[in-house]
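Residue numbers (my numbering): 3 to 742.
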């Protein structure tokens, strides 16, 4: 402590020689915009000692000194010397609430006393919080209620079959499947899987379209004791091949329509629509096979983006899925109809499927994953959906276009990215019967780690909290030395409890880095290092701050930028690649790749680089734009200056000089594009996605086209007609068709 104080004093003395440099010069040298303040806090040391004895000798006395001050900064700390040290905190009430500042005052008092009492100790040994507050943070705030994790998914599903056998379990198009029928179909397939060698913890790939057979297969794998590995048939063949091989799946359940998406692997194929296989499955018993499965057995393997250039598979047990599907805050019952909009390869699909089937509710499967606000509303109302998970981007788009789309719902769960408080307040205010939840959690924690319920008391001021831990879950906010930090201080979030994955498939090093010993739990327990910086709010809710690395979330999908950079760098002639998640249009994140060609090599074509990336990565990881630069801009210390990298619009000169609209239809469509993309002008042959468009912005375009042209277009129209000319032609064709 003494050494640190002496070093601090030396730094202060050294800094005094810069005292007279004007702040406007400091602002200019910092390269911060003039409207952005240099500081968000100020420390003032008032070193004007008063000789009170001299004052007494002259018959003077001061009974009280007071002042009313306004601060130009969010937080000021003023220190005054005298017979005792006086500290005064001034704060901007628009930035800090009184409870937060009271907490800061308590921390200052604790640290000031520590500085006096333990000057011969190490700084690392100083307590950051009082024992009482430490216990509150660890045992009260950081602990969810006991979870329903002592059973398996198949046991709880069997309870629903016994309780509500005639209730609808699946709604897929015009098909309705009851709980009893789903159970019998899954049992027959499970017997067949056991016959094919599936045992507890065996990994079984499932590659099927959005049909009833998909959910029969997932349930059957679990009933056979195995763990399913969801394989989205729309993923690139290379990625599917890696997932099958890496997971160790010895068998893939599929059909003839999806088998074509699967490249050759060592795994066997079970074609459900093959006549021989179909007959063999139909001949199996309708009761469940006698297989012993425990809560710690594997339920599924979910692959997420990996920084090494390859996805990594999180291995997740039954108990983790069960605790979130049965969490009391969701309060699912047999009266609910849960919308199934996500791919089953995404952990949101886990939430949708099992929160329905483990509570006797119906699961309503959407016909496609890409739907406009109007199409989403039509689906929800036609199926009588009462509960949905929806990505933050689509949630914002629907609230902006027509909040009544959500009018029939009981529960909206959203997240995967930052939720707008104003949009949530609008939903709660205008739809009193709707329960709004902001959900947070990495895949390694099984869907949700914490939930924040937006109620009538939520004002929408400040950032949207990510809530408190769900049942069966523990959270810690720790500093670099794994010490709990006080409320208001950012620390890394660590997860513990029933939701934790076992680790990553075939990744012992990264498993050891991320899943570490839990110093606050029972001997042998582990915690997961999330890489997210969060802080405790005064009321015990968590507030998300940022990532500690280059991982991002876009449209609910977790993405390691390094995996995209690795794919882009593999393009012939590319020397360097860097990927950013940009938000040039407020509320709309997009991936932008920057590449520098090898010396002497021709500049690669952006479209060809995008296609190359798309051969190994799923569509949600393909950059919206690829920009070719001669060199990367560097900071004075030689690192890439990410802030200096241009946006696609800057590279295009704030729009394009392409072909101008040739008729009123093209002119109207081009105007809609320019408005949505934030551009001055758009050429009729420009590609929407090359200009930075994405699926959420495409929904906005289609919504505006519907308003302007009074024509009904499906949400996928822009994907099939990505230029102004093509879209205008499609609109014209639809107008003529509707007139006939």
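No residue lacks a Cβ here, since even glycine has one placed at the ideal position from N, Cα and C. Predicted model, so just to flag it, every value in this text is computed and none were measured.
At least 9 Å separates the beta-carbon of residue 498 from that of residue 479. Sequence-distant partners of residue 71 (beyond 5 residues in either direction) whose C-beta falls short of 8 Å from its own C-beta, in its chain, are 92.
Taking C-alpha positions only, residue 429 is separated from residue 436 by approximately 8 Å. Take residue 235, set aside five residues on each side of it, and the residues of its chain with a beta-carbon closer than 6 Å to its own are 209, 260 and 263, in chain order.
The beta carbon of residue 569 sits closer than 6 Å to the beta carbons of 615, 618 and 619 from its chain, once the five residues preceding and following it are set aside; these are given in chain order. Counting only residues of its own chain and dropping the five nearest sequence neighbours on each side, residue 273 has a CB closer than 8 Å to the CB of 256, 257, 258, 261 and 279. Remark: C-beta atoms of residue 609 and residue 628 approach each other more closely than 9 Å. With respect to the 9 Å criterion, residue 415 and residue 360 are not classified as neighbours on the basis of their beta carbons.
Boundaries of the alpha helix (DSSP H) harbouring residue 608: 608-616, taken from the DSSP string. Taken atom to atom, the span from the alpha-carbon of residue 404 to that of residue 75 is near 39 Å. Excluding the 5 residues flanking it on each side, residue 548 has same chain C-beta neighbours closer than 7 Å at 535, in chain order.
Distances from the alpha-carbon of residue 670 to those of 651, 734, 613 and 434 put 734 closest. Under the Cβ criterion (8 Å, minimum of three pairs), the segment 185-202 counts as touching the segment 280-299. Minimum Cα-Cα distance from residue 633 among the listed residues 599, 672, 87 and 539 corresponds to 599. Counting only residues of its own chain and dropping the five nearest sequence neighbours on each side, residue 377 has a CB closer than 6 Å to the CB of 717. Counting along the chain, residue 545 sits inside the beta strand (DSSP E) bounded by residues 544-549. Taking a C-beta distance under 9 Å as the contact criterion, residue 329 and residue 468 do not qualify as a contact pair. For residue 341, the secondary structure class from DSSP, reduced to helix, strand or coil, is strand. Take the alpha-carbon of residue 730 and the one of residue 668: they are about 5 Å apart. With fewer than 16 other Cβ atoms inside 10 Å of its own Cβ, residue 124 counts as exposed. Taken in chain order, the complete beta strand (DSSP E) segments of 3 or more residues contained in the segment 53-118 are 77-82 and 88-93. Here the alpha carbon of residue 488 sits roughly 10 Å from the alpha carbon of residue 540. Counting along the chain, residue 691 sits inside no beta strand (DSSP E), nor does DSSP assign it H or E at all. When DSSP assignments are scanned along the segment 10-52, the uninterrupted stretches of beta strand (DSSP E) that are 3 or more residues long and fall wholly within it turn out to be 43-48. Looking at the DSSP output, residue 162 sits in no beta bridge, so it has no partner there. For residue 507, the closest C-alpha among the options 456, 401, 318 and 700 is that of 318. Taking the Cα positions, residue 421 is about 42 Å away from residue 266. The shortest CA-to-CA distance from residue 7 to any of 397, 122, 595 and 32 is the one to 122. Classified as buried, residue 368 has 16 or more neighbouring CB atoms from the shown chains inside 10 Å of its CB.
Assignment of residue 153 by DSSP, reduced to helix, strand and coil, places it in the coil class. Following the DSSP letters along the chain, one finds residue 243 inside the alpha helix (DSSP H) bounded by residues 239-249. Between the segment 435-455 and the segment 100-114, the count of Cβ pairs shorter than 8 Å is below three; the stretches do not touch.
Using a C-beta cut-off of 8 Å, the segment 293-301 makes contact with the segment 143-160, since at least three inter-stretch Cβ pairs fall below that distance. About 6 Å separates the beta carbon of residue 229 from that of residue 303, a gap short enough to meet the 8 Å contact definition. One thing to note: residue 271 has its Cβ no nearer than 9 Å to the Cβ of residue 283. In the DSSP assignment, residue 256 is bridged to 209 and 273.
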